[in-house]
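Single-structure report; data block below.
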Amino acid sequence: MLAELPDAISLFAGDLRLLGFVCLGVLLGVFVGAVPGLTATLAIALLLPFTFGMPALDAILLMTGIFVGGIYGGSATAIMVRVPGAPANTMTMLDGHEMLRQGKPELALGLATAASVFGGLVGGVLLILFAPQLARFSLEFQSPEIFALVVLALVAVAAVSQESLVKGLIATVIGLMISTIGIDLAGVPRYTFEVFRLYTGVPLIPLVIGLFALAEVLRRLEEPLSRPRQVAWISFRRIFAFVPVWRRVGWKLPIKSSLIGAVIGALPGAGAAMAAFLAYAEAKRSSPHPEKFGTGIPEGIVAPESANNAMTGGAFIPMLAFGIPGDSVTAVILGALVIQGIVPGPQLFTQAGDLVLPLMVGFLFAYLVLMVLGLLLLPWFARVAVIDHAVLFPVIAAVAVVAAYVSERSLFAMGTMVVIGIGAWLLQRLQFSLVPVLLGVILGPLLERNFRRALGISGGDPTILVSSWIAVFLLLTAALLAFYFAWIQPRQQRRRARERAASSGSGEGRDT
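Written as structure tokens, this is what we have:
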């Protein structure tokens, strides 16, 4: 397949129409991703009927561009207004928005753009080089292994999201409890209180908007009204202010985070949110200054953005190799392939090589387009930082209400958003992090489904959950991670605090 790579590249050079579809898709994706309540999945699903009469490659490239742009677009609102465009951008919000509050919006946006492009290119290269091998590895993850992976993700985010592991675990349990609302796998309604609209569970998009948009507006209402720090128009030179910071961060972190994202993407159902959460947790665990995460450090932006964009390349692997979508977006793209008469599977790489390799090359081109587009839009995104808060937050509240309604086309979704927002505001006042709540809601169904499926396969024998070396390794990693953040890290922090106090005391003694 690699021998045909030059032909696939020359195909794009000779047919600018293909590049046009890639550019259009990326532009649409960035717009959709930057609007809370809209998702790349929704955009591609709405676009699907219009692709019936299009050539297969044109349609797939357009949808791939939307996929790429949608993951990146959500980081802009996460940084600028502390409202993630998608759950995958939640971890970026923690340090990105803090960096904005320090008066460095161009740095936060530049790092997010560079990390997104880097992660996407790594995912694309792995897609081209190792698609069959990664696909075979992903088949090793059956119900016990996926259950163990979800446990690891839940423990990791509960541990790194705030200082108290206990509060992090409580917040995660709250999210898991919310995820149980609705009809369970046996068809029995749970915690619906005879409300028909709860039979399908708490809608995710209104929940995300309530957790972060409305809760942030309510939190700001408690603070004295202040004008934002004035930020001059970002010149062409300042667009690249992130380059020295990127060099200081180094290449190890983005490479490691990208590999995490690509592997997670290759696992069916894992998704970009899990990739970002795990990469952020690993970055904080391996950092020499983990206490600085959440205060606006570059590593807190680079790690999750590299991972969730590398996930896009990994998500294509099980879809193309076995017809198993890696996430919701590739599930819709899989439907488009079937509509076009293309059946994914092991034979696809040989029978439809004229489509697969151009698709992979188009995926790489999409991230090159994203780099240019992201840097060109950076000054305009940064202008959000100078909008008067008396204007900005009422607008955010209005957009939150409209987005919640549009996502489900019901007043019930608006009410859900308001209830969740008030609850999230109360949790914030009690010093709870909201990120574990969201992760519990997202991963709760995946955890329960694989747990019950594994027990069903084994006839109720729980030892199936530790029946493979992969599951044992992941569960042991989760236990060690919890032990590290509950016991070792607090002791290290107390020791550093004593050393700093002793050094400052000795310095004062010398001065006297």
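Under our numbering, think of the first position of the sequence shown as 976, with each following residue one higher.
Idealized CB from N, CA, C, for every residue including glycine.
If you're wondering where the values come from, they're calculated on a predicted model, not measured in any experiment.
Let me know if residue i comes out buried or exposed under the rule of 16 or more other beta-carbons within 10 Å of its beta-carbon.
i: valine 1441; result: exposed
i: isoleucine 1371; result: buried
i: histidine 1072; result: buried
i: glycine 1176; result: buried
i: phenylalanine 1252; result: buried
i: glutamine 1205; result: Any answer about glutamine 1205 is weak, because its pLDDT of 49 lies below 50 and its placement is not dependable; what the coordinates show is given next. Glutamine 1205 comes out exposed.
i: phenylalanine 1458; result: exposed
i: tyrosine 1342; result: buried
i: glutamate 1120; result: buried
i: glutamate 1169; result: exposed
i: proline 1411; result: buried
i: lysine 1259; result: buried
i: serine 1233; result: buried
i: glutamine 1464; result: buried
i: leucine 1036; result: buried
i: threonine 1270; result: exposed
i: leucine 1086; result: buried
i: leucine 1082; result: buried
i: glutamine 1077; result: exposed
i: proline 1293; result: buried
i: isoleucine 1432; result: exposed
i: arginine 1057; result: buried
i: glycine 1275; result: buried
i: serine 1118; result: buried
i: leucine 1196; result: exposed
i: glycine 1095; result: buried
i: leucine 1493; result: Because the chain is modelled from 976 through 1487, residue 1493 falls outside the range shown and cannot be assessed.
i: tryptophan 1208; result: The predicted position of tryptophan 1208 is uncertain, since its pLDDT is 49 and thus under 50; no value can be drawn from it.
i: serine 1478; result: exposed
i: tryptophan 1444; result: exposed
i: glycine 1028; result: exposed
i: glycine 1434; result: exposed
Please name the residue or residues paired with residue i in a DSSP beta bridge.
i: proline 1181; result: According to DSSP, proline 1181 bridges with nothing at all.
i: proline 1265; result: Paired residue(s): none; proline 1265 is not in a bridge.
i: glycine 1157; result: Arg1165
Tell me which residue opens and which closes the alpha helix (DSSP H) that residue i is part of.
i: glutamine 1077; result: No alpha helix (DSSP H) holds glutamine 1077; DSSP gives it neither H nor E.
i: glutamate 1423; result: 1410-1433
i: glycine 1397; result: Sequence check: residue 1397 is isoleucine here, not glycine. Run containing isoleucine 1397: 1386-1404, per the alpha helix (DSSP H) assignment.
i: glycine 1000; result: 991-1009
i: isoleucine 1445; result: 1444-1458
i: isoleucine 1463; result: Here isoleucine 1463 belongs to no alpha helix (DSSP H), and DSSP marks it neither H nor E.
i: phenylalanine 1025; result: Where phenylalanine 1025 is concerned, there is no enclosing alpha helix (DSSP H), given that its DSSP letter is neither H nor E.
i: aspartate 1033; result: 1031-1055
i: glutamate 1197; result: Run containing glutamate 1197: none; DSSP gives neither H nor E here.
i: valine 1238; result: 1227-1240
i: phenylalanine 1217; result: 1217-1224
Round the Cβ separation of residue i and residue j to the nearest angstrom and send it over; I've been treating them as touching at under 8 Å.
i: alanine 1282; j: glycine 1236; result: 3 Å
i: serine 985; j: tyrosine 1047; result: So it is not a contact: roughly 28 Å between Cβ atoms.
i: glycine 1098; j: threonine 1287; result: 6 Å
i: phenylalanine 987; j: valine 1336; result: 6 Å
i: alanine 1018; j: isoleucine 1041; result: 5 Å
i: arginine 1165; j: isoleucine 1153; result: That belief does not hold up - the Cβ atoms of arginine 1165 and isoleucine 1153 are roughly 11 Å apart, past 8 Å.
i: isoleucine 1395; j: proline 1062; result: About 14 Å separates the two Cβ atoms, so there is no contact after all.
i: leucine 1350; j: threonine 1088; result: 6 Å
i: glycine 1150; j: glycine 1398; result: Wrong, their Cβ atoms sit about 12 Å apart, outside the cutoff.
i: glycine 1004; j: glycine 1045; result: 4 Å
i: alanine 1379; j: alanine 1373; result: Not quite, the Cβ-Cβ distance comes to about 11 Å (not below 8 Å), so this is no contact.
i: lysine 1227; j: glutamine 1406; result: Rounded, the Cβ-Cβ distance is 33 Å, inconsistent with contact.
i: proline 1178; j: glutamate 1383; result: 5 Å
i: alanine 1247; j: alanine 1106; result: Going by Cβ atoms, the distance from alanine 1247 to alanine 1106 rounds to 19 Å, so no, they are not a contact pair.
i: valine 1277; j: valine 1344; result: Not confirmed; about 21 Å, so no contact.
i: alanine 1446; j: alanine 1034; result: Incorrect: roughly 39 Å between the Cβ atoms, too far for contact.
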